[in-house]
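A.B. asks:
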Amino acid sequence: MPKLKTLGHPLSALPAELPPELRGPDWVQANPHRIERELRTALALPSGGWYVLDASRSIGSRPRRYWVEGRELVAWRANREIRVAPNACPHMGASLADGLVRDGRIVCPWHGLELGSDRHGAWCPLAAHDDGVLCWVRVDPLPGDAGEHDPPTPRPVLSARPDTFIDSVMRMEADCEPRDVIANRLDPWHGVYYHPHTFKRLKVIGVEGGRLLVRVVYGITDRLGIEVDATFHCPDPRTITMTIVGGEGTGSVVETHATPLREGRSAIVEATLATSERPGFRRAIRAAGLIRPFILRSQRKLWVEDAAYAERRYALRSGRVPAAGRALKMPSATAGERTEPGN
Ligand code: FES
Ligand SMILES: [Fe+2]
114 MPKLKTLGHP LSALPAELPP ELRGPDWVQA NPHRIERELR TALALPSGGW YVLDASRSIG
174 SRPRRYWVEG RELVAWRANR EIRVAPNACP HMGASLADGL VRDGRIVCPW HGLELGSDRH
234 GAWCPLAAHD DGVLCWVRVD PLPGDAGEHD PPTPRPVLSA RPDTFIDSVM RMEADCEPRD
294 VIANRLDPWH GVYYHPHTFK RLKVIGVEGG RLLVRVVYGI TDRLGIEVDA TFHCPDPRTI
354 TMTIVGGEGT GSVVETHATP LREGRSAIVE ATLATSERPG FRRAIRAAGL IRPFILRSQR
414 KLWVEDAAYA ERRYALRSGR VPAAGRALKM PSATAGERTE PGN
């Protein structure tokens, strides 16, 4: 195997001894009970009712349709402000996403009703927030909803972000639930086996304040890579954030958000906020439009694979594929349908 050369700022010495649960082969360290325990802790966090919709730059003056928690919504921008409301027109139910925006108000494509920030009958805009990178919507739970005990907050919970950054946001959909997306990220051990094109070396080297600490080499070529230390934590039940804490790009974050759309269908919205202390980084920010497509391409490449991981997990969990040593229940043949040989 060719020797791997690494670039970037030097990293701190590895701990002399790893805790017992971080010893042994990777498949032993990737303990499903541990991952499940961390997932349960994340799922118990408050969210204030906020869900990521999409990248801020994806929502402009043309209305766009989204699903969140079984609700069909329309989002548009009125001047600089984002608006999110039910997609069905209160008059006869036309899809407002097929309409247009005039003077910040959405105009229904069927009979021209204009709707803005005020309630119109049962039609009422939802709380929305643009954090500069992502747009969020707050879906207040109805009595009896699962989120009933998660009181609404004026703003979503945000992870710490770098002061200056180049951002790239990827959105894709998958047949799974948000918990499957978060569980994928709570299992960093899979990276080097499942994405060998990107991760040339990956080792979980500790736990810092409850966060897994990972030393990873991102491959540039087969023999050359950039080595960094990164932590993972969940600021809310549908987000997991990777923060570079050592090496090149310290302070950069990758926020992975999962939004439930309909039953068994979720959106994965991942924001990469890359920063650097290098003097040329200010110039790089000016060229962000050129750099962004490269970041997006590598995000998408990883998430095509990770979406398949999350979908597989969901299929196992929901009993659509059998776990090891099990079989799916087969319909039993009735006597009338059975055809014996010779009959
Ligand atoms: S359906 Fe919208 S104005 Fe009639
Ligand atoms: Fe992955």
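First residue of the sequence shown: 114, per this note's numbering; consecutive thereafter. For every residue, glycine included, the Cβ atom is placed at its ideal position computed from N, Cα and C.
Which same chain residues, not among the five before or five after G432, have their C-beta less than 8 Å away from its C-beta?
C.D. replies: Contacts found: L441.
A.B. asks: Spatial neighbours of T344 within its chain, please: CB distance less than 8 Å, with the 5 preceding and 5 following residues excluded, ordered by chain position.
C.D. replies: Counting only Cβ-Cβ distances below 8 Å, and skipping sequence neighbours, we find E321, R324, L325, L326, V327, M355, T356, V358.
A.B. asks: Rounded C-beta distance between G362 and S379? I'm assuming under 8 Å.
C.D. replies: No, G362 and S379 are not in contact; Cβ-Cβ is about 28 Å, not under 8 Å.
A.B. asks: Determine the closest residue to H303 out of Q142, T119, R136, N192, with distance taken between C-alpha atoms.
C.D. replies: Closest option to H303, Cα to Cα, is Q142.
A.B. asks: Going by DSSP, what residue range makes up the beta strand (DSSP E) through H146?
C.D. replies: It is not in any beta strand (DSSP E) - H146 instead sits in the alpha helix (DSSP H) that spans 145 to 156.
A.B. asks: Could you tell me whether the Cβ of P350 comes closer than 9 Å to any Cβ of chain C?
C.D. replies: Here chain C cannot be found, since the structure has a single protein chain.
A.B. asks: Spell out a yes or no on whether the stretch 156 to 172 and the stretch 205 to 219 are touching, meaning 3 or more CB-CB pairs, one atom from each, closer than 8 Å.
C.D. replies: With a cut-off of 8 Å, the stretch 205 to 219 and the stretch 156 to 172 do not count as touching, because too few Cβ pairs lie within range.
A.B. asks: Could you spell out where the alpha helix (DSSP H) holding D243 opens and where it closes?
C.D. replies: From DSSP, D243 is part of no alpha helix (DSSP H) but of the beta strand (DSSP E) over 241 to 243.
A.B. asks: E418: beta carbon under 8 Å from a heavy atom of ligand 4?
C.D. replies: What this structure holds is ligand 1 and ligand 2, not ligand 4.
A.B. asks: What is the C-beta distance between P176 and L209, in whole angstroms, given that I count them as a contact (C-beta under 8 Å)?
C.D. replies: Between L209 and P176 the Cβ distance is about 6 Å, and since that is below 8 Å, they are a contact.
A.B. asks: Return the CA-CA distance between L131 and D243, expressed in angstroms with no decimal places.
C.D. replies: Spanning the two alpha carbons is a distance of roughly 41 Å.
A.B. asks: What number of angstroms, rounded off, separates the C-alpha of A235 from the C-alpha of L409?
C.D. replies: So the alpha carbons of these two residues sit roughly 39 Å apart.
A.B. asks: Is H204 near ligand 1, with its Cβ less than 8 Å from a heavy atom?
C.D. replies: Indeed, a heavy atom of ligand 1 lies less than 8 Å from the Cβ.
A.B. asks: From this set, A437, P222, I279, which residue's C-alpha is nearest N200's C-alpha?
C.D. replies: Here the closest residue by C-alpha is P222.
A.B. asks: If you check the beta carbons only, do P372 and R351 fall under 9 Å apart?
C.D. replies: Before going further, note that residue 372 is Thr rather than Pro in the sequence given. Against a cut-off of 9 Å, the Cβ pair of R351 and T372 comes out as a contact.
A.B. asks: Look at the alpha carbon of P145 and the alpha carbon of L152, and state the distance between them as a whole number of angstroms.
C.D. replies: One C-alpha to the other measures close to 10 Å.
A.B. asks: Could you name the residues of the same chain whose beta carbon sits closer than 7 Å to that of G455, not counting the 5 residues immediately before and after it, in chain order?
C.D. replies: In this prediction, G455 has a pLDDT of 47, which is less than 50 and means its spatial position is unreliable; what the coordinates show is noted afterwards. The answer is none, since no qualifying residue turns up.
A.B. asks: Would A191 pass as a contact of G229 if the rule is Cβ separation under 9 Å?
C.D. replies: Their beta carbons are under 9 Å apart, which means A191 touches G229 by this criterion.
A.B. asks: Ignoring anything shorter than 3 residues, give me the beta strand (DSSP E) runs that lie fully in the stretch 286 to 370, in order along the chain.
C.D. replies: With a minimum length of 3 residues, the continuous beta strand (DSSP E) runs that stay inside the stretch 286 to 370 are 312 to 321, 324 to 332, 337 to 349, 352 to 360.
A.B. asks: Ignore the nearest five residues each way along the sequence and tell me which others in I339's own chain have a CB closer than 6 Å to its CB.
C.D. replies: Taken in chain order, the residues that qualify are L120, G121, Y331, E361.
A.B. asks: How many angstroms separate the CA atom of A397 from the CA atom of D280?
C.D. replies: Taking the straight line joining both Cα atoms gives about 12 Å.
A.B. asks: Alpha carbon to alpha carbon, what distance is there between P444 and H346?
C.D. replies: The alpha-carbon atoms of H346 and P444 are separated by roughly 44 Å.
A.B. asks: If I'm right that E424 touches H308 with Cβ under 8 Å, what's the distance once you round it to whole angstroms?
C.D. replies: The pair is not a contact, with the Cβ atoms about 16 Å apart (cut-off 8 Å).
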